[in-house]
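A.B. asks: Supplied in structure tokens, the structure appears directly below.
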Amino acid sequence: MNEIKCPSCGKVFQIDESSYDSIVKQIRDKEFEKEISSRDEHYKSEKENAVKIAEAHLREELNKTIKDQEMEINNLKNEIKNKDENIKNKEESIKNQVEKNLNEEINKKILEINELKNKLENQKTQNELDIQKAVTEREKQIDKLNNELSQKSTEFELKEKSMKETYESKLKDKDEQILYYRDFKAKQSTKMIGESLEVHCSTEFNQIRPLFDNCTFEKDNDAKTGSKGDFIFRYFADPDQTQEIVSIMFEMKNEADTTATKHKNEDFFKELDKDRKEKSCEYAVLVSLLESDNDYYNNGIVDVSYRYEKMYVIRPQFFIPLITLITNLAKKSIDYKNELAEIRNQNIDITHFEENINKFKEGFAKNYRRASERFHTAIEEIDKTIDHLQKTKEALLSSENNLRLANNKADDLTVKRLTKNNPTVRKMFEDLKEE
Numbered sequence: 349m350n351e352i353k354c355p356s357c358g359k360v361f362q363i364d365e366s367s368y369d370s371i372v373k374q375i376r377d378k379e380f381e382k383e384i385s386s387r388d389e390h391y392k393s394e395k396e397n398a399v400k401i402a403e404a405h406l407r408e409e410l411n412k413t414i415k416d417q418e419m420e421i422n423n424l425k426n427e428i429k430n431k432d433e434n435i436k437n438k439e440e441s442i443k444n445q446v447e448k449n450l451n452e453e454i455n456k457k458i459l460e461i462n463e464l465k466n467k468l469e470n471q472k473t474q475n476e477l478d479i480q481k482a483v484t485e486r487e488k489q490i491d492k493l494n495n496e497l498s499q500k501s502t503e504f505e506l507k508e509k510s511m512k513e514t515y516e517s518k519l520k521d522k523d524e525q526i527l528y529y530r531d532f533k534a535k536q537s538t539k540m541i542g543e544s545l546e547v548h549c550s551t552e553f554n555q556i557r558p559l560f561d562n563c564t565f566e567k568d569n570d571a572k573t574g575s576k577g578d579f580i581f582r583y584f585a586d587p588d589q590t591q592e593i594v595s596i597m598f599e600m601k602n603e604a605d606t607t608a609t610k611h612k613n614e615d616f617f618k619e620l621d622k623d624r625k626e627k628s629c630e631y632a633v634l635v636s637l638l639e640s641d642n643d644y645y646n647n648g649i650v651d652v653s654y655r656y657e658k659m660y661v662i663r664p665q666f667f668i669p670l671i672t673l674i675t676n677l678a679k680k681s682i683d684y685k686n687e688l689a690e691i692r693n694q695n696i697d698i699t700h701f702e703e704n705i706n707k708f709k710e711g712f713a714k715n716y717r718r719a720s721e722r723f724h725t726a727i728e729e730i731d732k733t734i735d736h737l738q739k740t741k742e743a744l745l746s747s748e749n750n751l752r753l754a755n756n757k758a759d760d761l762t763v764k765r766l767t768k769n770n771p772t773v774r775k776m777f778e779d780l781k782e783e
């Protein structure tokens with residue numbers, strides 16, 4: 349509780365805390381509002397005074413600035429006026445100077461133009477003389493060239509006539525030669541035509557045989573299987589001919605122009621492939637003059653391995669290039685074959701090593717399996733023995749328990765218990781105790 353004394357009557361009042369706080373708050377709010385209003389009025393008066401002072405000061409500064417600017421403007425006007433006068437004076441001076449210089453330049457240019465006109469007239473006269481001289485010389489050269497051209501034309505006509513006569517003579521010889529070969533072909537039999545192509549290929553190869561070391565090119569005379577090719581080419585890696593690198597079965601086919609039944613190259617593919625396999629050759633080549641109008645066979649080496657393995661059809665002019673191509677490829681492949689053989693040997697060694705490891709693993713696994721079986725047998729026997737001993741232990745423990753019970757029963761045995769249900773014996777013991 350709080351006490352409040354009245355200032356007028358001096359009476360003291362007691363009020364609780366909430367009422368006291370409410371009264372204090374009312375008094376404090378009124379004082380606070382009064383203080384705020386007084387301060388607000390004071391602030392407004394100070395603000396108005398400050399604004400009036402600032403306005404007066406600003407007017408003074410503005411008037412002063414305006415006066416200064418007016419003075420500067422007047423000074424600038426005077427300077428501009430003076431400059432305009434100076435500019436006008438300079439313009440008149442420059443104008444006079446330019447007119448003077450221009451008159452001098454015009455006079456100089458007039459003199460130069462007159463000099464150039466004189467030079468141009470002199471040059472024109474000189475050029476006319478030079479042109480006349482050049483025309484005269486050119487006419488002389490043209491006359492000379494016309495004479496030379498006439499001589500060359502006569503020589504060319506003579507040379508053309510001579511070449512024409514020579515060409516006609518050669519053409520006549522060629523026609524005679526063609527007629528001779530046609531007659532020769534007509535007189536030959538089909539077998540002789542084929543043999544003539546074989547002779548041609550054999551001759552072609554023998555001419556370049558020194559270029560092929562360690563090789564054979566022989567007629568195929570083995571007809572045990574019922575058929576044979578024409579030639580077999582074999583290329584070896586050594587002079588002893590122990591390692592064959594590549595082999596080719598050749599078949600030569602020709603035909604007379606007047607033959608009624610025309611054969612095709614594909615008619616001989618199957619038989620040629622059969623001969624290649626029977627004679628253990630790697631490649632099969634048909635050297636053919638058949639289908640002479642077929643561009644498919646006339647454009648070069650034709651690969652028909654899509655039908656028969658490693659088989660080609662060629663014209664006679666590609667006989668030597670094909671042999672050279674195949675042997676060069678074989679020479680390059682022999683290194684790869686040796687490397688492959690070496691790798692195979694390494695793989696064999698690795699295989700043996702793996703086999704030895706596998707044998708060791710199998711032997712070890714076998715011994716381990718046996719030892720494991722014997723170990724399990726011993727463990728089982730031990731377990732059986734343990735079971736037997738456990739049973740013996742249980743029997744002994746059971747015997748011990750029975751003995752303990754018997755001992756307890758013996759300890760509990762008394763005369764009183766023995767005679768409890770036997771009055772006769774109890775009386776006898778009582779009589780003996782009295783005596």
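With my numbering, letter number 343 in the sequence shown gets 691, and the count goes up by one each step, no holes.
In this text, a Cβ means the ideal position worked out from N, Cα and C, and glycines have one as well.
1) What did DSSP end up calling Tyr652 once you bin it into helix, strand or coil?
2) Within 10 angstroms of its Cβ, does Leu634 collect 16 or more other Cβ (buried), or is it exposed?
3) Would you check if the segment 652 to 670 and the segment 609 to 620 touch, i.e. whether three or more CB-CB distances between them fall below 8 angstroms?
4) Quick check on Leu751: buried or exposed, where buried means 16 or more other Cβ atoms within 10 Å of its Cβ?
5) Name the one or two DSSP bridge partners that Tyr631 has.
6) So Phe584 and Asn562 are supposed to be a Cβ contact under 8 angstroms. How far apart are they, rounded?
7) Thinking just about the alpha-carbon of each residue, which of Ile414, Pro587, Lys601, Ser550 is nearest to the one in Phe581?
8) Suppose you measure from the CA of Tyr656 to the CA of Asp621; what does that come to, to the nearest Å?
9) Return the first residue and the last residue of the alpha helix (DSSP H) that Arg624 is part of.
10) At what residues does the beta strand (DSSP E) containing Phe565 begin and finish?
11) Mind checking Asp578: buried by the 16 CB within 10 Å criterion, or exposed?
12) Got a sec? Which residues, its chain only, sit under 7 angstroms from Glu619 by beta carbon, not counting five neighbours each side?
13) With DSSP collapsed to three states, give me the class of Glu662.
14) Ile580 by DSSP, collapsed to three states: which one?
15) Could you check the C-alpha separation between Asp432 and Lys438 for me, to the nearest Å?
16) Measure how close the beta-carbons of Ala632 and Met659 come, nearest whole angstrom, since I'm counting them as under 8 angstroms.
17) If you follow the alpha helix (DSSP H) that Asn646 is part of, which residue opens it and which one closes it?
18) My assumption, with CB atoms under 8 angstroms, is that Leu670 sits in contact with Ile682. Please give the rounded CB distance.
19) Starting from the C-beta of Phe565, find all residues in its chain whose C-beta is less than 7 angstroms away, skip the five residues before and the five after it, and write them out in chain order.
20) Under the rule that 16 or more other beta-carbon atoms within 10 Å means buried, what is Asp586, buried or exposed?
21) With H, G and I counted as helix, E and B as strand and the rest as coil, what does DSSP make of Ser316?
22) What residue from Asn646, Thr740, Ile668, Tyr684 has the CA that sits closest to Gln555's CA?
23) Quick one: Cα of Lys492 to Cα of Ile479, how far?
24) Below 8 angstroms on the Cβ atoms is my guess for Asn546 versus Val594; work out the distance and round it to an integer in Å.
25) Spatial neighbours of Asp735 within its chain, please: C-beta separation below 6 angstroms, excluding the five flanking residues on both sides.
26) Here's the rule: buried if 16 or more other CB atoms are within 10 angstroms of the residue's CB, otherwise exposed. What is Tyr515?
27) Between Lys627 and Met597, which are expected to be in contact by the criterion C-beta below 8 angstroms, what is the C-beta distance as a whole number of angstroms?
C.D. replies: So, to answer that:
1) Looking at the sequence shown, residue 652 is not Tyr but Val. Here DSSP, grouped into helix, strand and coil, assigns Val652 to coil.
2) Buried.
3) Remark: three or more beta-carbon pairs, one from each stretch, lie closer than 8 angstroms, so the segment 609 to 620 and the segment 652 to 670 are flagged as touching.
4) The residue in question, Leu751, is exposed, as its Cβ has fewer than 16 Cβ neighbours within 10 Å.
5) For Tyr631, the beta-bridge partners assigned by DSSP are Ile596.
6) That pair is a contact at about 4 angstroms.
7) Of the candidates Ile414, Pro587, Lys601, Ser550, the one whose C-alpha sits nearest the C-alpha of Phe581 is Ser550.
8) Counting only the Cα atoms, Asp621 lies some 7 angstroms from Tyr656.
9) Element bounds for Arg624: 617 to 626.
10) Residues 563 to 567.
11) So Asp578 counts as buried.
12) Taken in chain order, the residues that qualify are Ser575.
13) Reading off the sequence, residue 662 comes out as Ile, not Glu. Here Ile662 sits in strand by DSSP.
14) In the structure shown, Ile580 adopts extended strand secondary structure according to DSSP, grouped into three states.
15) Near 10 angstroms, if we compare the C-alpha coordinates of Lys438 and Asp432.
16) A Cβ-Cβ distance of about 4 angstroms is found for the pair Ala632 and Met659, placing them in contact under the 8 angstroms criterion.
17) Asn646: member of the alpha helix (DSSP H) spanning 643 to 646, first to last residue.
18) Contact doesn't hold; Cβ gap of about 19 angstroms is too wide.
19) Cβ neighbours of Phe565 beyond the five flanking positions: Phe553, Phe579, Phe581.
20) Answer is exposed; the Cβ neighbour count stays below 16.
21) Residue 316 falls outside the range modelled here, since the chain spans only 349 to 783, and no answer is possible.
22) It is Ile668 whose Cα lies nearest to the Cα of Gln555.
23) Lys492 and Ile479 have their alpha carbons spaced roughly 20 angstroms apart.
24) Note on identity: in this sequence residue 546 is Glu, with Asn being the wrong assignment. 21 angstroms between Cβ atoms; not a contact.
25) Contacts found: none.
26) Exposed: under 16 other Cβ atoms inside 10 Å.
27) Taking the Cβ atoms as the reference, Lys627 lies roughly 6 angstroms from Met597, within the contact range of under 8 angstroms.
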